[in-house]
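Heads up: the sequence shown is residues 9 to 492, going by full-length UniProt numbering.
We put the beta carbon where it would ideally sit given N, CA and C, even for glycine.
The structure presented is a predicted model; accordingly, all values stated were derived computationally and were not measured.
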Amino acid sequence: EDAQRPEAGHELVVVANRLPVDSRTLPDGATEWVTSPGGLVTAMESVMRTVDSGAWVGWAGGTGEAPSPFVADGMHLYPVPLAGHEVERYYEGFSNATLWPLYHDVIVDPEFHRTWWDDYQRVNRRFARAAAEVAAPGGIVWVHDYQLQLVPAMIRETRPDARIGFFNHIPFPPVELFSQLPKRNQILRGLLGADVLGFQREGDTLNFVAAVRKLLGYHTDGQTITVPGLGTAPSREVQARTFPISIDSQSVSDLTEDPDIQERARQLRADMGDPAKIVLGVDRLDYTKGIRHRLKAWGELLADGAIDPRDAVMIQVATPSRERVDAYRQLRDEVELTVGRINGDHAPIGRPAISYQHRSFDRRDMTALYMAADVVLVTALRDGMNLVAKEYVASRPDEQGVLVLSEFAGAADELRAALRVNPHDIDELKSSILRALAMGEDEQREAMTSLRRQVMDHDVQAWAHAFLDELESVGRDEITTRRI
Ligand code: ADP
Ligand code: G6P
Numbered sequence: 009e010d011a012q013r014p015e016a017g018h019e020l021v022v023v024a025n026r027l028p029v030d031s032r033t034l035p036d037g038a039t040e041w042v043t044s045p046g047g048l049v050t051a052m053e054s055v056m057r058t059v060d061s062g063a064w065v066g067w068a069g070g071t072g073e074a075p076s077p078f079v080a081d082g083m084h085l086y087p088v089p090l091a092g093h094e095v096e097r098y099y100e101g102f103s104n105a106t107l108w109p110l111y112h113d114v115i116v117d118p119e120f121h122r123t124w125w126d127d128y129q130r131v132n133r134r135f136a137r138a139a140a141e142v143a144a145p146g147g148i149v150w151v152h153d154y155q156l157q158l159v160p161a162m163i164r165e166t167r168p169d170a171r172i173g174f175f176n177h178i179p180f181p182p183v184e185l186f187s188q189l190p191k192r193n194q195i196l197r198g199l200l201g202a203d204v205l206g207f208q209r210e211g212d213t214l215n216f217v218a219a220v221r222k223l224l225g226y227h228t229d230g231q232t233i234t235v236p237g238l239g240t241a242p243s244r245e246v247q248a249r250t251f252p253i254s255i256d257s258q259s260v261s262d263l264t265e266d267p268d269i270q271e272r273a274r275q276l277r278a279d280m281g282d283p284a285k286i287v288l289g290v291d292r293l294d295y296t297k298g299i300r301h302r303l304k305a306w307g308e309l310l311a312d313g314a315i316d317p318r319d320a321v322m323i324q325v326a327t328p329s330r331e332r333v334d335a336y337r338q339l340r341d342e343v344e345l346t347v348g349r350i351n352g353d354h355a356p357i358g359r360p361a362i363s364y365q366h367r368s369f370d371r372r373d374m375t376a377l378y379m380a381a382d383v384v385l386v387t388a389l390r391d392g393m394n395l396v397a398k399e400y401v402a403s404r405p406d407e408q409g410v411l412v413l414s415e416f417a418g419a420a421d422e423l424r425a426a427l428r429v430n431p432h433d434i435d436e437l438k439s440s441i442l443r444a445l446a447m448g449e450d451e452q453r454e455a456m457t458s459l460r461r462q463v464m465d466h467d468v469q470a471w472a473h474a475f476l477d478e479l480e481s482v483g484r485d486e487i488t489t490r491r492i
């Protein structure tokens with residue numbers, strides 16, 4: 009299908025590094041489209057499905073010429089091309105070897121190269137142009153995440169009529185860490201091109217406002233920032249606000265009623281040898297997720313004899329991610345070595361102690377996994393939100409199951425009834441796992457009921473409404489209210 013570019017442009021344009029679908033070239037040269045990885049796409053895709061004629065500007069994966077604009081599930085997709093060296097320097101380099109580790113508390117050392125910055129600027133400019141071209145006069149342009157922090161100001165240069173929003177899906181670091189970033193002031197000025205800046209946790213919003221105050225010296229009043237005008241231009245106000253992202257809770261919950269998925273969940277348990285307990289981890293294979301800490305705890309519990317591998321099995325789903333970035337290669341090697349050792353030391357013949365899956369699954373299989381899991385371990389060392397935690401809760405209308413949740417995941421602010429852990433404390437992690445395994449039905453129900461209330465009441469639609477309402481309420485009162 010060809011995208012019909014409406015004369016007047018799109019009222020709502022989402023700009024994100026990735027499109028919701030990723031193109032893959034098959035061995036025979038044909039192209040196949042698969043859902044892109046990660047929480048940003050999970051969340052925004054469900055939002056955009058409910059919008060009439062919304063546009064999404066993003067990279068389709070791959071290098072060289074971009075596919076032509078096309079329509080998928082009612083969304084108008086506008087692919088932005090990246091050259092091979094741009095994938096290396098803008099995406100793998102500045103985005104994922106500089107910004108990602110810096111914004112996640114320097115769990116690994118951020119690297120910085122000036123050539124990466126050059127490409128980051130150039131690619132941001134390209135995304136900004138593409139968005140400016142397709143937005144309706146006075147339309148909303150909603151920019152997402154750390155790969156595109158210069159885009160808000162770049163759009164404003166050519167499209168001052170647009171309402172510009174930016175949402176940061178990952179943490180915003182304390183100013184002491186953020187200050188390490190060369191080009192930090194350019195990044196702040198890029199972001200401040202937006203009318204509204206959204207963050208996951210209150211702490212992220214406060215960190216951002218503090219960085220603006222300390223590094224740029226701008227006046228801030230609570231979460232309102234005054235950006236001084238250049239020359240004779242008037243000053244502008246920018247709002248920094250907290251909007252914890254969520255999932256399409258009802259549709260996840262509804263999937264659990266599908267008899268085919270229920271059967272898959274039963275089959276899964278049988279395939280594992282009908283253990284009394286299944287413990288599940290689901291993550292992109294990323295060093296921020298605390299997978300090593302989790303494996304260490306599990307390995308020690310088996311070695312201590314606190315867990316019998318015939319009674320309890322761990323399933324670790326690890327989605328391949330950023331595989332050409334050094335830290336990710338190393339992590340994969342370490343995780344696979346550790347899993348191999350633990351299985352070698354403890355697995356009964358014919359059955360794993362840890363079932364390790366390094367690939368993607370579809371929504372239905374993911375739901376079956378959540379339904380089969382007695383315990384889900386979210387042990388992130390730092391995470392913007394962590395949608396896996398919310399998906400697990402939404403998948404348990406039976407109000408059974410235990411969520412072990414790191415206090416360093418954004419979700420910990422809302423999911424108060426989870427079993428909270430500091431994943432750095434391996435002893436605490438081990439005792440929390442044992443406690444989760446020992447919890448009776450009533451205790452599970454009490455916690456899960458409260459978690460479900462939170463997740464079902466605060467879904468991604470409500471999140472998007474809250475953000476867009478804020479964006480509509482600032483400045484330019486003459487523009488009529490648009491709703492999704
Ligand atoms: P991140 O955005 O850092 O990847 P989140 O937990 O917020 O972390 O979101 C991850 C999303 O990816 C969730 O929607 C989860 O269901 C999905 N996901 C994770 N692993 C897989 C997998 N192996 N196959 C399919 N989906 C996955
Ligand atoms: C996280 C980030 C997203 C990113 C996703 C997958 O969710 O917040 O911006 O798209 O991870 O990572 P990738 O590098 O594959 O896009």
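Under the three-state reduction of DSSP, His366 is assigned to coil, being neither helix nor strand.
Shown here for Ile434: same chain residues with a beta carbon closer than 8 Å to its own, the five before and five after excluded, namely His301, Lys304, Ala305, Glu308 in chain order. For Glu245, the enclosing beta strand (DSSP E) covers residues 244 to 250.
DSSP places Ala38 in the coil class of the three-state scheme, outside both helix and strand. Counted as a single uninterrupted DSSP element, the beta strand (DSSP E) harbouring Glu19 occupies residues 18 to 26. Closest by C-alpha distance to Ile148, out of Val131, Leu395, Arg133, Leu20, is Leu20.
DSSP places Met83 in the uninterrupted beta strand (DSSP E) bounded by 83 to 87. Residue Gly47 holds the alpha-carbon nearest to the alpha-carbon of Arg371 among Gly37, Ala16, Gly47.
Annotation: the continuous beta strand (DSSP E) that includes Leu385 extends over 383 to 386. Boundaries of the beta strand (DSSP E) harbouring Gln324: 320 to 327, taken from the DSSP string. Taking a cut-off of 8 Å for Cβ pairs, the region 22 to 31 and the region 57 to 75 touch, as three or more such pairs fall below it.
At the C-beta level, Asp467 and Gln258 come within 9 Å of one another. For the alpha helix (DSSP H) assignment, the uninterrupted runs of no fewer than 4 residues enclosed by the region 249 to 323 are, from N- to C-terminal side, 257 to 263, 267 to 279, 299 to 312. Looking at His227, Asp406, Gly418, the one whose alpha-carbon comes closest to that of Lys398 is Gly418. According to DSSP, residue pairing for Trp108 in a beta bridge does not occur. When His121, Pro45, Asp30, Val114 are compared, the shortest CA-CA separation from Leu85 is found for Asp30.
Not one heavy atom of the ligand G6P is found less than 8 Å from the C-beta of Ser368.
Ser440 and Asp268 have their C-alpha atoms roughly 33 Å apart. Assignment of Ala136 by DSSP, reduced to helix, strand and coil, places it in the helix class. In the DSSP assignment, Leu377 falls outside any beta strand (DSSP E) and within the unbroken alpha helix (DSSP H) covering 371 to 380.
The shortest CA-to-CA distance from Asp421 to any of Ile115, Ile255, Ser403, Thr250 is the one to Thr250. Rounded to the nearest whole angstrom, the C-alpha separation of Val290 and His366 is 10 Å.
The straight-line gap separating the alpha-carbon atoms of Pro328 and Asn394 is approximately 17 Å. The beta carbon of Asp113 is closer than 6 Å to those of Arg390 in its chain, skipping five residues each way along the sequence.
Taking the CA atoms as reference points, Phe174 sits about 49 Å from Arg318.
Between the C-alpha atoms of Ala218 and Gly358 there is a straight-line separation of about 56 Å. Per DSSP, the beta-bridge partners of Leu205 are Phe174, Ala248. With respect to Leu90, Tyr99 sits close: the two C-beta atoms are nearer than 9 Å. Cβ contact annotation for Ala16 (same chain, cutoff 6 Å, sequence separation greater than five): Ala144, in chain order. Boundaries of the beta strand (DSSP E) around Phe78: 78 to 80. For Ser414, the three-state secondary structure derived from DSSP is strand.
A distance of 9 Å or more separates the beta carbons of Arg130 and Gly146.
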